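Following: one structure in structure tokens, then a few remarks.
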Amino acid sequence: MTEPMALRMTAEDLGALARCRPAAPALAVLRKGQISHRLLLLKGLADAARRTVPGLWAQGASVGWDLCVQVYAANPRALEQVVLHPHAGVWLRRCLRALHGTGPDQDLAVDLVRLGTFGHAAALRGGLRPRLALPAHDGLLWLPTLGGIRLPAGVGTVRLDGWTAVLPDAEVDLRGYGQRGARARRLPPHRLAVTSAAALPRLSVVVEDADPYRDVHGFPVQPRQTAAQRAAWHTVLEQAWRLLTDLMPERAADSAALWSSLVPLRPGPSGRGRSSSTREAYGAVAVAPGQDPVRLAETVLHETSHIALAALTDLVDLTDPDDSTHHSVGWRPDPRPLSAVLTGAHAHLGLLDYWARVYHTLDGAPARAAEARLHECGRQVGAALRVLRRNRAGLTTWGAYFVECMTHEAQSHGFQVKSSKPSQALRPSHAIHPSEGSGVRRSHAPVRVVPKEAEDIPPSGAAQVRPPPPRSTNSASNSGSAVVKSGSGTVGQGEE
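This is the structure we're talking about:
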């Protein structure tokens, strides 16, 4: 748990990721990178808490850490499952900020004791039967990947015996097999599974409506969803997923690999659509209800592009961390740092192919709306890429290569990216080591970008417009009957 794993990504795979067409090996690197990153955050949390707050450390955190060490030695995959719980990343960073004095510490006692339930959840997944007693500070027992228990008022301590939570006047089975006493309320995770034809990718996400760390997406979250609300989510998600798998099965597969939990948001003013993802919650997409299937499919592509790029930038800097310049972008009124220009450009780039395919599938007003959205995204991407190319000094070596690959993708859709001083095309002809100033990080899980025998990246030039996909009479024509209004989705946390 203390040593970072060695990760390897070919330049070809990095280029495909830049073009919003990540290959399976690249997605595997991102996932492994998140595991390594979070395991080291967990180790850092334990070291800092043991050193700076020994009293709090002894109140349940220490036994949780011991369980994590046990599980990792016996069954690493069990701990990795819990570490990858999307909002465990939020919890880890919140604890570390409080311990290092860079964030608020008023909730540190509550946050630290949850290392006990974190370790307990991992131990249960690893086939162990842990026993521990923990203080119940805020009325919620948090068991990442297993759900939680809402405790009655006045409960000071909870005893956990394997799969059973023992309260003063109640017992709750964490698997839902039975309960004695009615005051405690089990909060099991609810999964939305969307099936597809045998050859098409399937989707399975957890409705994250009880996690105490889910309120990090820049918009108010909804409370626990009713059965009727979950059914409504399933219906619209099924329609959006059918559309996405029909039009872009390869992108649907990427999204299914990156997306693991759905956080319901409260609708915006007048029902305006909202969506968000955040770097700290790998795998989580927050969405407000009310989007039609065409818009929800766009949201899925947009937010999973954010998830992929955020995971990559946990491994390698694409922009210079010391760059302090700000620039105008088409999707927000306020000037953005160069890193946010890159983030937003990448997410919008991934929508060009989608809206082109939607346009060639629909008819009438919906087709015209899709065409308008395509050109809106294309103009925004082109302008942002010109900003990035003009500011080559603010990009790392692989950041410049990343932008060059994005440029070729935009031009393949007919959107020209011109610059008064175009950057020289970078070619995947050599390996970049962390010591070469490439932006590859030494901390956490260092990634090495290595050469692969492949075609050189073509030089910038005239766009090669790919032919439109054939029209079809599949589900897109039915699910996309509503006129698409541009600008209905919003990304939270100021990351783009």
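Just so we're aligned, residue 477 is where the sequence shown starts under the working numbering, counting upward by one.
Backbone N, C-alpha and C fix where the C-beta goes; we use that ideal spot for every residue, glycine too.
Quick caveat: nothing in here was measured; it's all calculated off a predicted structure.
Span of the beta strand (DSSP E), counted from its first residue to its last, around residue i
i, result
"residue 724", "From DSSP, residue 724 is part of no beta strand (DSSP E); its letter is neither H nor E."
"residue 637", "633 to 637"
"residue 805", "Run containing residue 805: none; DSSP gives neither H nor E here."
C-alpha distance - residue i paired with residue j, whole-angstrom precision
i, j, result
"residue 713", "residue 736", "13 Å"
"residue 642", "residue 600", "16 Å"
"residue 900", "residue 866", "Interpretation of residue 900 is limited by its pLDDT of 42, a score under 50 that renders its predicted location unreliable; the figure taken from the coordinates is listed afterwards. In a straight line, the C-alpha of residue 900 is about 12 Å away from that of residue 866."
"residue 906", "residue 487", "Model confidence at residue 906 stands at a pLDDT of 38, short of 50, so the residue's coordinates are unreliable; what they give is reported in the following sentence. Spanning the two alpha carbons is a distance of roughly 9 Å."
"residue 707", "residue 482", "42 Å"
"residue 576", "residue 800", "25 Å"
"residue 540", "residue 743", "38 Å"
"residue 489", "residue 508", "15 Å"
"residue 731", "residue 611", "39 Å"
"residue 639", "residue 605", "8 Å"
"residue 838", "residue 846", "8 Å"
"residue 903", "residue 491", "With a pLDDT of 42 at residue 903, under the threshold of 50, the modelled position of that residue is not reliable, and the figure given next carries that caveat. For residue 903 and residue 491, the distance between alpha carbons rounds to 10 Å."
"residue 697", "residue 690", "8 Å"
"residue 555", "residue 602", "7 Å"
"residue 972", "residue 850", "19 Å"
"residue 716", "residue 770", "6 Å"
"residue 676", "residue 734", "16 Å"
"residue 868", "residue 529", "45 Å"
"residue 485", "residue 783", "17 Å"
"residue 546", "residue 552", "9 Å"
"residue 814", "residue 668", "37 Å"
Sub-8 Å separation of residue i and residue j beta-carbons
i, j, result
"residue 855", "residue 820", "no"
"residue 694", "residue 781", "no"
"residue 827", "residue 774", "yes"
"residue 893", "residue 887", "yes"
"residue 536", "residue 592", "yes"
"residue 738", "residue 670", "no"
"residue 785", "residue 830", "no"
"residue 616", "residue 627", "yes"
"residue 598", "residue 518", "no"
"residue 652", "residue 664", "yes"
"residue 754", "residue 692", "yes"
"residue 884", "residue 832", "no"
"residue 590", "residue 756", "no"
"residue 571", "residue 825", "no"
"residue 803", "residue 797", "no"
For residue i, the nearest candidate out of the options (CA to CA)
i, options, result
"residue 504", "625, 787, 496", "787"
"residue 531", "872, 696, 584, 885", "584"
"residue 558", "759, 494, 747", "759"
"residue 765", "741, 746, 572", "741"
"residue 596", "579, 570, 666, 548", "548"
"residue 700", "721, 661, 822, 562", "661"
"residue 818", "722, 864, 510", "864"
"residue 586", "553, 632, 607", "632"
"residue 614", "582, 607, 645", "582"
"residue 750", "842, 768, 607", "768"
DSSP three-state assignment for residue i, whether helix, strand or coil
i, result
"residue 655", "strand"
"residue 611", "strand"
"residue 774", "helix"
"residue 605", "coil"
"residue 620", "coil"
"residue 760", "strand"
"residue 686", "coil"
"residue 491", "helix"
"residue 643", "strand"
"residue 676", "coil"
"residue 481", "coil"
"residue 496", "coil"
"residue 693", "coil"
"residue 587", "helix"
"residue 992", "The structure shown does not extend to residue 992, since the chain spans only 477 to 972, so no value can be given for it."
"residue 973", "This structure cannot speak to residue 973, because the chain is shown only from 477 to 972."
"residue 666", "strand"
"residue 971", "coil"
"residue 795", "strand"
"residue 751", "strand"
"residue 486", "strand"
Span of the alpha helix (DSSP H) around residue i
i, result
"residue 824", "814 to 825"
"residue 572", "564 to 575"
"residue 737", "Not the alpha helix (DSSP H): residue 737 falls in the beta strand (DSSP E), residues 737 to 740."
"residue 893", "Looking at the DSSP string, residue 893 is not in any alpha helix (DSSP H), and its letter there is neither H nor E."
"residue 861", "840 to 866"
"residue 790", "No alpha helix (DSSP H) contains residue 790, which DSSP labels as neither H nor E."
"residue 833", "828 to 835"
Closer than 7 Å: residue i CB and nearest the ligand NAD heavy atom
i, result
"residue 643", "Although the ligand NAD was asked about, the structure shown includes no ligands whatsoever."
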